[in-house]
Amino acid sequence: MRFIHLADVHLGAVPDRGCPWSERREEEIWETFRRVIAGIRENPVDLLFIAGDLFHRQPLLRELKEVNYLFSTIPDTRVYLMAGNHDYIKPDSFYRDFKWAENVVFFRNEHLTCIKDEKLDVYVYGLSYEHQEIEEPLYDAARPGEGEGLHILLAHGGDASHIPMNVKGLSAAGFDYIAMGHIHKPEILLRDKAAYAGALEPIDRNDLGEHGYIEGHLENGRLKTNFVPFACRSYEQIILMLREGSTQASLEDMLRADLASRGRMNIYRIIIKGNRAPELLLLPEKLKSFGYVTEVLDESRPAYDLEEIQKKYKGTLIGDYISYFLEKDRNLVEEKALYYGLQALLETSR
1 MRFIHLADVH
11 LGAVPDRGCP
21 WSERREEEIW
31 ETFRRVIAGI
41 RENPVDLLFI
51 AGDLFHRQPL
61 LRELKEVNYL
71 FSTIPDTRVY
81 LMAGNHDYIK
91 PDSFYRDFKW
101 AENVVFFRNE
111 HLTCIKDEKL
121 DVYVYGLSYE
131 HQEIEEPLYD
141 AARPGEGEGL
151 HILLAHGGDA
161 SHIPMNVKGL
171 SAAGFDYIAM
181 GHIHKPEILL
191 RDKAAYAGAL
201 EPIDRNDLGE
211 HGYIEGHLEN
221 GRLKTNFVPF
231 ACRSYEQIIL
241 MLREGSTQAS
251 LEDMLRADLA
261 SRGRMNIYRI
271 IIKGNRAPEL
281 LLLPEKLKSF
291 GYVTEVLDES
301 RPAYDLEEIQ
311 KKYKGTLIGD
321 YISYFLEKDR
331 NLVEEKALYY
341 GLQALLETSR
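Counting in UniProt numbering, the sequence shown runs from 1 upward without gaps.
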(Lines of atoms letter the chains of each structure in order from A and count residues from 1; the text may use other names and numbers.)
(Lines give C-alpha, C1' and ligand atoms only; values in the text may rest on other atoms or scores of the structure.)
Protein backbone atom coordinates (compact mmCIF):
# COMPACT_ATOMS: atom_id res chain seq x y z
CA MET A 1 0.00 0.00 0.00
CA ARG A 2 1.29 3.46 -0.93
CA PHE A 3 -0.09 6.90 -0.17
CA ILE A 4 0.65 10.57 -0.69
CA HIS A 5 -0.09 13.10 2.05
CA LEU A 6 -0.64 16.69 0.87
CA ALA A 7 -1.80 19.77 2.72
CA ASP A 8 -2.07 23.53 2.31
CA VAL A 9 -2.06 23.62 -1.48
CA HIS A 10 -3.81 27.02 -1.36
CA LEU A 11 -5.17 27.04 -4.90
CA GLY A 12 -6.19 30.60 -5.73
CA ALA A 13 -3.46 32.24 -3.64
CA VAL A 14 -1.48 35.06 -5.25
CA PRO A 15 1.90 35.09 -3.49
CA ASP A 16 3.87 38.36 -3.37
CA ARG A 17 0.90 40.30 -4.69
CA GLY A 18 2.08 43.42 -6.51
CA CYS A 19 5.44 41.94 -7.53
CA PRO A 20 6.07 41.39 -11.27
CA TRP A 21 5.97 37.61 -10.84
CA SER A 22 2.86 37.31 -8.60
CA GLU A 23 0.42 36.19 -11.34
CA ARG A 24 2.94 33.61 -12.51
CA ARG A 25 3.15 32.24 -8.97
CA GLU A 26 -0.65 31.93 -8.82
CA GLU A 27 -0.59 29.68 -11.89
CA GLU A 28 2.47 27.75 -10.64
CA ILE A 29 0.53 26.69 -7.54
CA TRP A 30 -2.13 25.16 -9.79
CA GLU A 31 0.49 23.64 -12.07
CA THR A 32 2.34 21.95 -9.21
CA PHE A 33 -0.91 20.41 -7.99
CA ARG A 34 -1.56 19.17 -11.54
CA ARG A 35 1.96 17.68 -11.57
CA VAL A 36 1.17 15.71 -8.42
CA ILE A 37 -1.92 14.22 -10.07
CA ALA A 38 0.01 13.52 -13.29
CA GLY A 39 2.67 11.75 -11.24
CA ILE A 40 0.02 9.55 -9.62
CA ARG A 41 -1.31 8.63 -13.08
CA GLU A 42 2.19 7.53 -14.12
CA ASN A 43 3.10 5.86 -10.82
CA PRO A 44 -0.19 5.05 -9.05
CA VAL A 45 -0.68 5.25 -5.30
CA ASP A 46 -3.56 3.69 -3.41
CA LEU A 47 -4.51 6.71 -1.30
CA LEU A 48 -4.22 10.49 -1.58
CA PHE A 49 -4.75 12.47 1.64
CA ILE A 50 -5.33 16.23 1.51
CA ALA A 51 -5.26 17.55 5.08
CA GLY A 52 -7.06 20.88 4.59
CA ASP A 53 -6.68 24.19 2.76
CA LEU A 54 -6.72 22.78 -0.74
CA PHE A 55 -7.99 26.27 -1.59
CA HIS A 56 -6.75 29.60 -0.29
CA ARG A 57 -10.33 30.86 0.20
CA GLN A 58 -13.88 29.79 -0.62
CA PRO A 59 -13.60 27.72 -3.82
CA LEU A 60 -15.49 28.82 -6.90
CA LEU A 61 -17.72 26.25 -8.57
CA ARG A 62 -15.51 26.15 -11.66
CA GLU A 63 -12.49 25.51 -9.43
CA LEU A 64 -14.19 22.58 -7.72
CA LYS A 65 -15.06 21.15 -11.13
CA GLU A 66 -11.44 21.55 -12.26
CA VAL A 67 -10.10 19.76 -9.18
CA ASN A 68 -12.75 17.04 -9.41
CA TYR A 69 -11.82 16.39 -13.02
CA LEU A 70 -8.20 15.94 -11.98
CA PHE A 71 -9.26 13.45 -9.29
CA SER A 72 -11.34 11.57 -11.85
CA THR A 73 -8.20 10.96 -13.93
CA ILE A 74 -6.77 8.79 -11.11
CA PRO A 75 -9.77 6.47 -10.56
CA ASP A 76 -7.71 3.75 -8.87
CA THR A 77 -6.55 6.18 -6.15
CA ARG A 78 -8.95 6.85 -3.30
CA VAL A 79 -8.84 10.58 -2.41
CA TYR A 80 -9.64 11.74 1.13
CA LEU A 81 -10.23 15.47 1.39
CA MET A 82 -11.13 17.90 4.19
CA ALA A 83 -11.70 21.66 4.32
CA GLY A 84 -9.33 23.67 6.50
CA ASN A 85 -9.51 27.10 8.08
CA HIS A 86 -8.88 28.96 4.80
CA ASP A 87 -11.46 27.09 2.70
CA TYR A 88 -13.81 26.33 5.60
CA ILE A 89 -17.37 25.38 4.68
CA LYS A 90 -19.58 28.46 4.91
CA PRO A 91 -23.38 28.05 4.90
CA ASP A 92 -23.49 28.96 1.19
CA SER A 93 -20.25 27.21 0.23
CA PHE A 94 -20.19 25.25 -3.03
CA TYR A 95 -18.54 22.49 -0.98
CA ARG A 96 -21.87 21.63 0.64
CA ASP A 97 -23.72 20.18 -2.34
CA PHE A 98 -20.88 19.41 -4.70
CA LYS A 99 -20.97 15.93 -6.24
CA TRP A 100 -17.47 14.46 -6.23
CA ALA A 101 -16.06 11.73 -8.43
CA GLU A 102 -16.61 8.17 -7.20
CA ASN A 103 -13.04 7.84 -5.91
CA VAL A 104 -13.29 10.96 -3.67
CA VAL A 105 -14.30 11.00 -0.01
CA PHE A 106 -15.01 14.52 1.27
CA PHE A 107 -15.54 15.06 5.01
CA ARG A 108 -18.55 17.38 4.92
CA ASN A 109 -18.91 18.63 8.50
CA GLU A 110 -17.13 19.43 11.76
CA HIS A 111 -17.83 16.06 13.39
CA LEU A 112 -15.11 13.44 13.26
CA THR A 113 -16.10 10.64 10.90
CA CYS A 114 -14.47 7.30 10.08
CA ILE A 115 -14.53 5.86 6.56
CA LYS A 116 -13.32 2.32 5.92
CA ASP A 117 -11.56 1.43 2.70
CA GLU A 118 -12.75 -2.16 2.30
CA LYS A 119 -10.24 -3.01 -0.39
CA LEU A 120 -7.17 -1.99 1.63
CA ASP A 121 -8.35 -2.50 5.22
CA VAL A 122 -7.60 1.15 5.94
CA TYR A 123 -9.71 3.31 8.26
CA VAL A 124 -9.52 7.05 7.60
CA TYR A 125 -10.76 9.58 10.17
CA GLY A 126 -11.43 13.22 9.39
CA LEU A 127 -13.60 16.31 9.63
CA SER A 128 -13.90 19.68 7.89
CA TYR A 129 -13.84 23.17 9.30
CA GLU A 130 -17.20 24.91 9.26
CA HIS A 131 -15.71 27.92 11.05
CA GLN A 132 -12.58 29.91 10.35
CA GLU A 133 -11.38 29.38 13.91
CA ILE A 134 -11.97 26.41 16.18
CA GLU A 135 -10.56 26.62 19.70
CA GLU A 136 -11.88 23.26 20.92
CA PRO A 137 -9.45 20.28 20.77
CA LEU A 138 -11.78 18.26 18.53
CA TYR A 139 -9.21 15.53 17.79
CA ASP A 140 -7.92 14.80 21.29
CA ALA A 141 -10.80 12.49 22.22
CA ALA A 142 -10.47 10.54 18.96
CA ARG A 143 -9.72 6.84 19.27
CA PRO A 144 -9.25 4.25 16.53
CA GLY A 145 -12.02 1.75 16.02
CA GLU A 146 -11.72 -1.96 16.73
CA GLY A 147 -11.15 -3.10 13.16
CA GLU A 148 -7.94 -4.74 11.99
CA GLY A 149 -5.91 -2.70 9.54
CA LEU A 150 -4.36 0.75 9.36
CA HIS A 151 -5.99 3.67 11.18
CA ILE A 152 -5.11 7.07 9.71
CA LEU A 153 -6.23 10.44 11.04
CA LEU A 154 -6.43 13.59 8.88
CA ALA A 155 -5.89 16.58 11.18
CA HIS A 156 -5.70 20.27 10.32
CA GLY A 157 -4.55 22.71 12.98
CA GLY A 158 -2.40 22.48 16.07
CA ASP A 159 -2.43 26.03 17.47
CA ALA A 160 -4.68 27.76 19.99
CA SER A 161 -7.14 29.09 17.38
CA HIS A 162 -7.17 26.10 15.03
CA ILE A 163 -7.99 22.87 16.87
CA PRO A 164 -5.19 22.51 19.42
CA MET A 165 -4.10 18.90 19.68
CA ASN A 166 -1.95 16.46 21.60
CA VAL A 167 -0.17 14.63 18.79
CA LYS A 168 1.76 12.25 21.05
CA GLY A 169 -1.46 11.35 22.84
CA LEU A 170 -3.24 10.64 19.57
CA SER A 171 -0.39 8.44 18.39
CA ALA A 172 -0.34 6.58 21.70
CA ALA A 173 -4.10 6.06 21.36
CA GLY A 174 -3.39 3.78 18.42
CA PHE A 175 -3.47 5.79 15.20
CA ASP A 176 -0.93 4.38 12.77
CA TYR A 177 -0.39 7.71 11.03
CA ILE A 178 -1.56 11.29 11.57
CA ALA A 179 -1.58 13.29 8.30
CA MET A 180 -1.43 16.91 9.42
CA GLY A 181 -2.03 20.28 7.77
CA HIS A 182 -2.04 23.99 8.66
CA ILE A 183 1.68 24.58 9.34
CA HIS A 184 3.40 25.48 6.07
CA LYS A 185 6.86 24.23 6.99
CA PRO A 186 7.22 20.45 6.50
CA GLU A 187 7.88 18.80 9.85
CA ILE A 188 8.14 15.22 11.05
CA LEU A 189 6.58 15.24 14.53
CA LEU A 190 6.85 11.50 15.20
CA ARG A 191 8.92 9.40 12.82
CA ASP A 192 6.65 7.41 10.47
CA LYS A 193 3.74 8.30 12.78
CA ALA A 194 2.81 11.99 12.46
CA ALA A 195 3.89 14.79 10.13
CA TYR A 196 3.00 18.16 8.72
CA ALA A 197 3.31 17.85 4.95
CA GLY A 198 3.77 21.64 4.73
CA ALA A 199 2.56 23.81 1.88
CA LEU A 200 2.94 22.10 -1.49
CA GLU A 201 4.29 25.38 -2.91
CA PRO A 202 5.56 28.19 -0.64
CA ILE A 203 2.81 30.77 -0.25
CA ASP A 204 4.66 33.78 1.17
CA ARG A 205 8.16 35.04 1.95
CA ASN A 206 8.17 33.37 5.38
CA ASP A 207 7.72 29.87 3.88
CA LEU A 208 11.47 29.32 3.66
CA GLY A 209 13.15 26.12 2.49
CA GLU A 210 11.97 23.06 0.58
CA HIS A 211 8.30 22.25 0.05
CA GLY A 212 6.50 19.21 -1.30
CA TYR A 213 4.59 16.26 0.18
CA ILE A 214 4.89 13.14 2.33
CA GLU A 215 4.98 9.73 0.69
CA GLY A 216 4.19 6.61 2.71
CA HIS A 217 4.22 2.89 2.09
CA LEU A 218 3.98 -0.39 3.97
CA GLU A 219 7.31 -2.19 4.28
CA ASN A 220 7.35 -5.62 5.96
CA GLY A 221 4.15 -4.74 7.77
CA ARG A 222 5.47 -1.38 9.00
CA LEU A 223 4.54 2.07 7.74
CA LYS A 224 7.47 4.10 6.36
CA THR A 225 7.28 7.73 5.31
CA ASN A 226 9.57 10.23 3.64
CA PHE A 227 9.39 13.84 2.51
CA VAL A 228 9.45 14.46 -1.26
CA PRO A 229 10.58 17.97 -2.40
CA PHE A 230 8.26 18.97 -5.24
CA ALA A 231 7.80 22.75 -5.41
CA CYS A 232 9.05 24.55 -8.50
CA ARG A 233 10.49 27.42 -6.41
CA SER A 234 11.55 28.09 -2.85
CA TYR A 235 11.96 31.18 -0.71
CA GLU A 236 15.52 31.61 0.49
CA GLN A 237 17.64 34.13 2.35
CA ILE A 238 20.88 35.59 1.06
CA ILE A 239 23.20 37.25 3.56
CA LEU A 240 25.67 39.73 2.08
CA MET A 241 28.56 40.65 4.39
CA LEU A 242 30.02 44.12 4.05
CA ARG A 243 33.53 45.20 5.00
CA GLU A 244 35.03 48.64 5.39
CA GLY A 245 36.33 48.52 1.83
CA SER A 246 32.98 47.46 0.33
CA THR A 247 31.18 49.63 -2.21
CA GLN A 248 27.73 49.56 -3.81
CA ALA A 249 29.29 47.95 -6.90
CA SER A 250 31.07 45.24 -4.89
CA LEU A 251 27.79 44.54 -3.05
CA GLU A 252 26.00 44.08 -6.37
CA ASP A 253 28.76 41.76 -7.62
CA MET A 254 28.38 39.63 -4.47
CA LEU A 255 24.66 39.33 -5.13
CA ARG A 256 25.18 38.38 -8.79
CA ALA A 257 27.58 35.60 -7.79
CA ASP A 258 25.24 34.31 -5.10
CA LEU A 259 22.23 34.26 -7.44
CA ALA A 260 24.28 32.42 -10.09
CA SER A 261 25.21 29.67 -7.61
CA ARG A 262 21.77 29.33 -5.96
CA GLY A 263 19.62 29.57 -9.08
CA ARG A 264 17.51 32.40 -10.42
CA MET A 265 14.24 30.44 -10.17
CA ASN A 266 14.02 30.90 -6.41
CA ILE A 267 12.66 33.94 -4.55
CA TYR A 268 14.95 35.75 -2.17
CA ARG A 269 15.06 37.91 0.93
CA ILE A 270 18.40 39.74 1.06
CA ILE A 271 19.96 40.72 4.37
CA ILE A 272 22.96 43.07 4.39
CA LYS A 273 25.22 42.65 7.42
CA GLY A 274 28.71 43.62 8.53
CA ASN A 275 30.61 46.89 9.00
CA ARG A 276 30.88 49.46 6.23
CA ALA A 277 32.78 52.66 5.76
CA PRO A 278 30.83 55.50 7.43
CA GLU A 279 30.79 57.51 4.21
CA LEU A 280 29.33 54.69 2.11
CA LEU A 281 25.81 55.50 0.92
CA LEU A 282 24.02 52.21 0.23
CA LEU A 283 21.14 51.85 -2.23
CA PRO A 284 19.52 48.62 -0.93
CA GLU A 285 16.37 48.93 -3.06
CA LYS A 286 18.47 48.74 -6.22
CA LEU A 287 19.16 45.07 -5.41
CA LYS A 288 15.51 44.20 -6.08
CA SER A 289 16.14 44.58 -9.82
CA PHE A 290 18.54 41.62 -9.86
CA GLY A 291 15.90 38.86 -9.82
CA TYR A 292 13.03 37.51 -7.74
CA VAL A 293 13.75 39.61 -4.64
CA THR A 294 10.88 40.29 -2.22
CA GLU A 295 12.71 42.51 0.26
CA VAL A 296 16.13 43.87 1.17
CA LEU A 297 16.98 44.40 4.85
CA ASP A 298 19.98 46.59 5.67
CA GLU A 299 21.37 45.45 9.03
CA SER A 300 24.88 46.74 8.37
CA ARG A 301 26.41 49.53 10.42
CA PRO A 302 29.09 52.18 9.93
CA ALA A 303 32.52 51.14 11.21
CA TYR A 304 32.75 53.79 13.93
CA ASP A 305 35.10 53.37 16.90
CA LEU A 306 32.46 54.35 19.43
CA GLU A 307 34.74 54.52 22.47
CA GLU A 308 37.28 56.66 20.63
CA ILE A 309 34.59 59.08 19.39
CA GLN A 310 33.07 59.21 22.88
CA LYS A 311 36.43 60.26 24.35
CA LYS A 312 36.96 62.85 21.64
CA TYR A 313 33.55 64.45 22.15
CA LYS A 314 33.26 63.99 25.92
CA GLY A 315 31.01 66.63 27.46
CA THR A 316 29.27 67.41 24.18
CA LEU A 317 25.96 66.30 22.70
CA ILE A 318 27.77 63.68 20.59
CA GLY A 319 29.56 62.22 23.62
CA ASP A 320 26.36 62.14 25.68
CA TYR A 321 24.46 60.54 22.77
CA ILE A 322 26.98 57.70 22.51
CA SER A 323 27.04 57.22 26.31
CA TYR A 324 23.26 56.86 26.39
CA PHE A 325 23.28 53.97 23.92
CA LEU A 326 26.45 52.25 25.23
CA GLU A 327 24.75 51.82 28.60
CA LYS A 328 21.79 49.98 26.98
CA ASP A 329 21.36 46.38 25.93
CA ARG A 330 20.46 47.51 22.40
CA ASN A 331 17.94 45.83 20.13
CA LEU A 332 18.10 46.12 16.33
CA VAL A 333 16.01 49.30 16.21
CA GLU A 334 18.14 50.99 18.89
CA GLU A 335 21.30 49.86 17.12
CA LYS A 336 20.15 51.57 13.94
CA ALA A 337 19.12 54.68 15.88
CA LEU A 338 22.60 54.88 17.41
CA TYR A 339 24.44 54.80 14.11
CA TYR A 340 22.00 56.88 12.05
CA GLY A 341 21.86 59.53 14.77
CA LEU A 342 25.61 59.52 15.27
CA GLN A 343 26.21 59.94 11.56
CA ALA A 344 23.81 62.91 11.45
CA LEU A 345 25.46 64.55 14.50
CA LEU A 346 28.98 64.09 13.12
CA GLU A 347 27.99 65.55 9.75
CA THR A 348 26.34 68.53 11.51
CA SER A 349 29.40 69.13 13.65
CA ARG A 350 31.59 69.26 10.58
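Cβ atoms here follow ideal geometry from the backbone N, Cα and C, with glycine treated the same way.
Remember, predicted model here, so these are calculated numbers, not experimental data.
- Within the model, the alpha-carbon separation for Pro229 versus His211 is close to 5 Å.
- When rounded, the separation of the alpha-carbon atoms in Lys312 and Ile322 is 11 Å.
- About 7 Å separates the beta carbons of Tyr123 and Pro144, which is inside the 8 Å limit, making them a contact pair.
- Less than 8 Å separates the beta-carbon of Ile74 from that of Arg41.
- Under the three-state reduction of DSSP output, Gln310 falls in the helix class.
- In the structure shown, the three-state DSSP call for Pro284 is helix.
- Between the alpha carbons of Arg262 and Ile134 lies a gap of roughly 40 Å.
- Pairing Asp97 with Arg17, the inter-Cα distance amounts to about 32 Å.
- Distance from the CA of Ala179 to the CA of Ala38, rounded to the nearest whole angstrom, comes to 22 Å.
- The stretch 110 to 128 makes contact with the stretch 140 to 158; the number of CB pairs closer than 8 Å reaches 3 or more.
- At a Cβ-Cβ threshold of 8 Å, Gly216 and Phe3 count as neighbours.
- Selection Tyr129, Leu153, Ala173, Phe175 evaluated against His162 yields Tyr129 as nearest (Cα-Cα).
- Looking at the DSSP output, Pro302 sits in a beta bridge with Arg276.
- It is roughly 6 Å from the alpha-carbon of Val105 to the alpha-carbon of Leu81.
- In this chain, the alpha helix (DSSP H) harbouring Met254 covers 248 to 262.
- Using a C-beta cut-off of 8 Å, the stretch 180 to 189 makes no contact with the stretch 269 to 280, since fewer than three inter-stretch Cβ pairs fall below that distance.
- Excluding residues up to 5 positions away in sequence, Asp140 lie with their Cβ nearer than 7 Å to the Cβ of Gly169 in the same chain.
- For the pair Asp8 and Leu127, the CB atoms are not nearer than the 8 Å cut-off.
- Distances from the CA of Leu70 to each of Gln58, Ile89, Leu48, Asp87 were compared; the closest alpha carbon is that of Leu48.
- For a cut-off of 8 Å, the C-beta gap from Tyr235 to Pro202 is around 5 Å, short enough to register as a contact.
- Note that the C-beta distance between Asp117 and Thr77 is not below 8 Å.
- For Leu154, the uninterrupted beta strand (DSSP E) segment begins and ends at 150 to 156.
- Counting every other CB atom within 10 Å of its CB across the protein chains shown gives Gly315 a total below 16, marking it as exposed.
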